[in-house]
Amino acid sequence: MREDGTQHGRRHAAQAATAITAAAIGVAVIAGCASRGSGLAARSDKSADGAIQFAAARMQTAKSVHVHALLSGATDTETGTIDGSVVLAPTLEGDLTLKLAADPPIAPSHIIYDGKTVYTSFPQGYHVTSKSKPKAAWFAADTGNPNASDSAVLKELKEDPAALVKAALAKGKFTQAGSDDADGIAATRFTGDVTGKPAGHVDVWLDAAGLPVKLVFQSTGNGEKGRAEIHFSDWGKPVTITAPPAEEVLTSNDQADFAISGQQFKVSSDP
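1397 is the number that the numbering used here gives to position 19 of the sequence shown; each next residue is one higher, with no gaps.
Set out below in structure tokens:
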């Protein structure tokens, strides 16, 4: 396929969308994907780090969770909300809606990951037409293709979700900060500072079952500005992730015309 500046921009947009998806799903995993089995108080390691490890160890039996994230960053593309469902087992999947402050909107408002392909809705700032797929409303990127819009975080989540929890523990130590109320639920708050990139301060509230109720991350690195507040609910509620209809999805092999910020381009496959 020939690639012009806009096709590169399209791929870059898909990469950014994948990164957003991975970050949202990763937050759910790092916060502690736990089951409703033995409670937090019954864990063998009573330390604060043990509580986080306890949550990670329950990951395989956790099924799903609803997440609602409030994001604030240095730019409009880093400020907004993410809301939706994440399936953690037997395969990682997600269905998330995004509302970012950027104007014109250049990020997708809806992202679906079915375990293999990331589907991103056309941003409102994109005007896309395709003769072969007149109903097209989505871009698709196969995460099984090493040349697709990869994300190292997404790759690690697929291969070893617990590794992200281990990485978080390796970057900082947690302490128990007492009992607190989070979203109307009695919870135990754990707090810690993590180094590396991104560096920041983390507060996470776990309920009596060891399930995360709320997580707040505040960037503290040099030149880094950002805060994420994530609320978790509906643990274990059955969730079905459904890919968009094929006739609504553009792949790298489809021909399309689209305008971005008032500039008209064409993307087509080689004959």
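Backbone N, C-alpha and C define an ideal beta-carbon position, used for all residues, glycine too.
From the DSSP secondary-structure annotation, give me the bridge partner or partners of Lys1477. Here residue 1477 refers to the residue found at position 99 when the sequence shown is read from its first residue. DSSP lists Thr1459 as partners of Lys1477.
Thinking C-beta only, is Thr1569 closer than 7 Å to Leu1584? Residue numbering aside, residue 1584 sits at position 206 when the sequence shown is read from its first letter. Residue numbering aside, residue 1569 sits at position 191 when the sequence shown is read from its first letter. Contact flag unset, no.
Closest Cα partner of Ile1490 within the set Ile1430, Ile1638, Thr1620 and Ala1637: As a working mapping, residue 1490 is identified with position 112 in the sequence shown. Comparing Cα-Cα distances from Ile1490 to each of Ile1430, Ile1638, Thr1620 and Ala1637, the minimum goes to Thr1620.
My output table needs one value for Gly1417: the three-state DSSP class, helix, strand or coil. For the purposes of this step, residue 1417 is taken as residue 39 along the sequence shown, with counting starting at 1. Coil.
Okay, do the region 1442-1451 and the region 1608-1622 touch, 3+ Cβ pairs below 8 Å being the bar? At 8 Å Cβ cutoff, the stretches touch.
Helix, strand or coil: how does DSSP classify Phe1500 here? For the purposes of this step, residue 1500 is taken as the residue at position 122 of the sequence shown. When secondary structure is reduced to three states using DSSP, Phe1500 falls in the coil class, being assigned neither helix nor strand.
For Gly1428, the three-state DSSP class (helix, strand or coil): Reading the sequence shown from its first residue, position 50 is the one you call residue 1428. Helix, per DSSP.
Quick one: give me the first and last residue of the beta strand (DSSP E) that Ser1611 is part of. Walking along the sequence shown from the start, residue 1611 turns up at place 233. Unbroken beta strand (DSSP E) run through Ser1611: Gly1604 to Ser1611.
Along the chain, where does the beta strand (DSSP E) containing Val1445 start, and where does it finish? Start at 1 with the first residue of the sequence shown, and residue 1445 comes out as number 67. First-last of the beta strand (DSSP E) with Val1445: Ser1442 to Gly1451.
Looking at C-beta atoms only, is the number of pairs between the region 1627-1634 and the region 1458-1465 that lie closer than 8 Å three or more? no
State the beta-bridge partners of Leu1584 as determined by DSSP. Indexing the sequence shown from 1 puts residue 1584 at position 206. Leu1584 pairs with Thr1566 and Pro1590.
Going by DSSP, what residues sit across from Ala1518 in a beta bridge? Translated into positions along the sequence shown, residue 1518 becomes position 140. Note: Ala1518 sits in a beta bridge opposite Tyr1497.
Tell me which same chain residues have a C-beta within less than 8 Å of the C-beta of Ser1487, skipping the five on either side of it? Position 109 of the sequence shown, counted from the first residue, corresponds to residue 1487. So the list reads Thr1475, Leu1476, Lys1477, Ser1499, Pro1501 and Gln1502, once near-sequence residues are dropped.
Excluding the 5 residues flanking Gly1556 on each side, which residues of the same chain have their C-beta closer than 7 Å to its C-beta? As a first step, residue 1556 is located in the sequence shown; it is residue number 178 there, counting from the start. Excluding residues within five positions, the ones whose Cβ falls inside 7 Å are Arg1567.
Lys1511 to Pro1623 span [Cα, whole Å]: Here residue 1511 refers to the residue found at position 133 when the sequence shown is read from its first residue. Here residue 1623 refers to the residue found at position 245 when the sequence shown is read from its first residue. In this structure, the alpha-carbon of Lys1511 lies about 11 Å from that of Pro1623.
Where Ala1376 falls: helix, strand or coil (DSSP): Given a span of 1379 to 1649 for the chain in the structure shown, any question on residue 1376 remains unanswerable.
My guess is that Phe1636 and Thr1507 are in contact by the Cβ rule of under 8 Å, so how many angstroms apart are they, rounded? Numbered from its first residue, the sequence shown carries residue 1636 at position 258. Numbered from its first residue, the sequence shown carries residue 1507 at position 129. Rounded, the Cβ-Cβ distance is 7 Å, consistent with contact.
Helix, strand or coil for Ala1624, going by three-state DSSP, please let me know. Residue 1624 sits at position 246 when you count from the first residue of the sequence shown. Helix, per DSSP.
Between the C-alpha atoms of Leu1418 and Ala1467, what's the straight-line distance to the nearest angstrom? In the sequence shown, the residue the question calls residue 1418 occupies position 40. In the sequence shown, the residue the question calls residue 1467 occupies position 89. Taking the straight line from one Cα to the other gives about 21 Å.
Quick one: residues in its chain with C-beta nearer than 6 Å to the C-beta of Thr1495, no 5 flanking neighbours on either side, listed in chain order? For the purposes of this step, residue 1495 is taken as the residue at position 117 of the sequence shown. Counting only Cβ-Cβ distances below 6 Å, and skipping sequence neighbours, we find Ala1518 and Asp1520.
Hey, how far is the Cα of Lys1513 from the Cα of Gln1633? Within the sequence shown, residue 1513 is the residue found at index 135, counting from 1. Within the sequence shown, residue 1633 is the residue found at index 255, counting from 1. So the two alpha carbons sit approximately 13 Å from each other.
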